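Residue numbers are given in full-length UniProt numbering: position 179 of the sequence shown equals residue 179, and the series is strictly consecutive.
Worksheet: the structure to be examined is printed underneath.
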Amino acid sequence: MNRRLEAEALRLTHETIARFWQLDIKPILSLAADDIMWVMPEQERYMRGIDAMRADLKANLRELVPCHMSHVEFTVVQNCGRALSVVGRYLVTTDAGAPIFLQVQQRTQVNWELVDDRLVVKSLYISHPRGELAVARGETFANAIGRMAKHYLDERVAAETNLHRVPLRDANGTMHLVSSSDVVFVEARRKRCLVRTTYEDIDARMGITDALGQFPELLAAHRSYLVNPRYIRSFNEDSLSMSDGTQIPLPRPRRTEVLARIREITGPR
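The structure is reproduced here in structure tokens:
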């Protein structure tokens, strides 16, 4: 597949897996091939066909609670003709208000195929927290908090004390309330901007200059891009790789400032 299709497969992977952890299975099912191979960690959850997958998801999804993803890393491991494979790892953390707190790393593998100029999922594996850690009697999920999760929770509590949300109106007139900590990057698109968050894309009615004013924590890595340094996965002399797989061009005049900001958030506390 060409680079455009590869980028689209990465975008769809991020979007559908994020929606899965929000207990929304419609995006995954809409992209699944009729003969999809559906695999989960349990021995019996190894089946073929979209009907079997749909029934399995509906039966087992009630055991999960809404979670959000962070520290996301998706990688194309094979791109051969009309087939493409993506593997990923990420932290899932229960949403605020959930009956438990849990944060564990999970993994996924998605095999895409181009069928009649449309990307479809031929096989899908998603790990989940059930059975990974010791749980109290009568419970499905672990509820112990490790050191990393405790650090996350402390930061999250501190962030929640700041209730500021930026109102963004999209192309359809819907108002979105967005926290700057959830913004991965902003891309200028003529008179509007694409605001990519950890959970959705927003076609916002504002220019890139207005976006920087609304989200001063973001870094102007390029005249058409604002990035959240916390979601930079890797970089080289020419570009930044964001947590969702998006490549952001990095002009030479911006390089020093960008690297300095990266050091600020990755250096010793």
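No residue lacks a Cβ here, since even glycine has one placed at the ideal position from N, Cα and C.
Given the structure is predicted, the values throughout are model-derived calculations rather than measurements.
Residues that DSSP places opposite residue i in a beta bridge
{"i": "GLN214", "result": "DSSP, once it has assigned bridges, lists no residue as partnering GLN214."}
{"i": "ASP201", "result": "ARG196"}
{"i": "ARG169", "result": "MET175"}
{"i": "VAL39", "result": "TYR46, TYR125"}
{"i": "ASN79", "result": "LEU84"}
{"i": "ILE232", "result": "MET242"}
{"i": "GLU73", "result": "ARG89"}
{"i": "LEU31", "result": "Bridge partners of LEU31: none, in fact."}
{"i": "GLN105", "result": "LEU91"}
Simplified DSSP state of residue i, which is helix, strand or coil
{"i": "ASN111", "result": "strand"}
{"i": "PHE141", "result": "Residue placement at PHE141 is poorly supported in this model, since its pLDDT is 47, which falls under 50; the coordinates still yield a value, given next. Correct three-state label for PHE141: coil."}
{"i": "LYS122", "result": "strand"}
{"i": "ILE17", "result": "helix"}
{"i": "PRO251", "result": "coil"}
{"i": "PRO268", "result": "Bear in mind that a pLDDT of 47 at PRO268, under 50, signals an unreliable position, so the model cannot answer this."}
{"i": "LEU91", "result": "strand"}
{"i": "GLU237", "result": "coil"}
{"i": "residue 271", "result": "What is shown of the chain runs 1 to 269, which leaves residue 271 out entirely."}
{"i": "ARG189", "result": "strand"}
{"i": "MET53", "result": "helix"}
{"i": "VAL183", "result": "strand"}
{"i": "LEU133", "result": "Note that LEU133 has pLDDT 45, beneath the 50 cutoff, so the model's placement of it is unreliable and the number below is only indicative. In the structure shown, LEU133 sits in coil (DSSP, three-state: anything other than H, G, I, E or B)."}
Distance between residue j and residue i (C-alpha atoms, nearest Å)
{"i": "VAL166", "j": "LYS58", "result": "35 Å"}
{"i": "ASN60", "j": "PRO253", "result": "51 Å"}
{"i": "LEU12", "j": "VAL86", "result": "11 Å"}
{"i": "residue 271", "j": "GLU73", "result": "This structure cannot speak to residue 271, because the chain is shown only from 1 to 269."}
{"i": "LYS26", "j": "GLN247", "result": "28 Å"}
{"i": "residue 290", "j": "ASN172", "result": "Lying before the first or after the last residue shown, residue 290 is absent from the chain, which here runs from 1 to 269."}
{"i": "ASN111", "j": "VAL195", "result": "27 Å"}
{"i": "THR94", "j": "THR197", "result": "17 Å"}
{"i": "MET53", "j": "ARG189", "result": "38 Å"}
{"i": "GLY88", "j": "MET175", "result": "31 Å"}
{"i": "GLN109", "j": "LEU259", "result": "31 Å"}
{"i": "GLU257", "j": "GLU6", "result": "30 Å"}
{"i": "HIS71", "j": "SER243", "result": "7 Å"}
{"i": "ILE17", "j": "VAL183", "result": "17 Å"}
{"i": "PRO66", "j": "VAL227", "result": "26 Å"}
{"i": "PHE20", "j": "GLY49", "result": "18 Å"}
{"i": "CYS193", "j": "PHE101", "result": "34 Å"}
{"i": "ALA220", "j": "LEU250", "result": "10 Å"}
Candidates the options: closest to residue i by CA position
{"i": "MET37", "options": "THR174, ALA9, THR16, SER123", "result": "SER123"}
{"i": "MET206", "options": "THR174, PRO249, LEU168", "result": "LEU168"}
{"i": "GLU42", "options": "ARG89, THR198, ASP56", "result": "ASP56"}
{"i": "PHE185", "options": "GLU257, ASP34, ARG230, ILE50", "result": "ARG230"}
{"i": "ARG45", "options": "TYR125, ILE262, GLU187", "result": "TYR125"}
{"i": "LEU64", "options": "ALA98, ASP34, GLY81", "result": "ALA98"}
{"i": "ASP116", "options": "ALA83, ARG263, ASP170, ARG62", "result": "ALA83"}
{"i": "GLN106", "options": "LEU91, HIS68, ALA96, SER181", "result": "LEU91"}
{"i": "PRO216", "options": "ALA33, VAL104, ARG118, SER180", "result": "SER180"}
{"i": "VAL76", "options": "ARG223, LEU250, ASN2", "result": "ASN2"}
{"i": "ASP35", "options": "HIS68, VAL121, PRO129, ARG62", "result": "VAL121"}
{"i": "HIS68", "options": "LEU23, ALA33, CYS193, PRO251", "result": "LEU23"}
{"i": "LEU10", "options": "LEU29, ALA33, GLN78", "result": "GLN78"}
{"i": "GLN103", "options": "CYS80, HIS128, LEU119", "result": "HIS128"}
{"i": "GLU187", "options": "TYR225, GLY245, ALA96", "result": "TYR225"}
(request) Evaluate the contact criterion for the region 235 to 247 versus the region 202 to 219: three or more CB pairs, one atom per stretch, below 8 Å. (result) no
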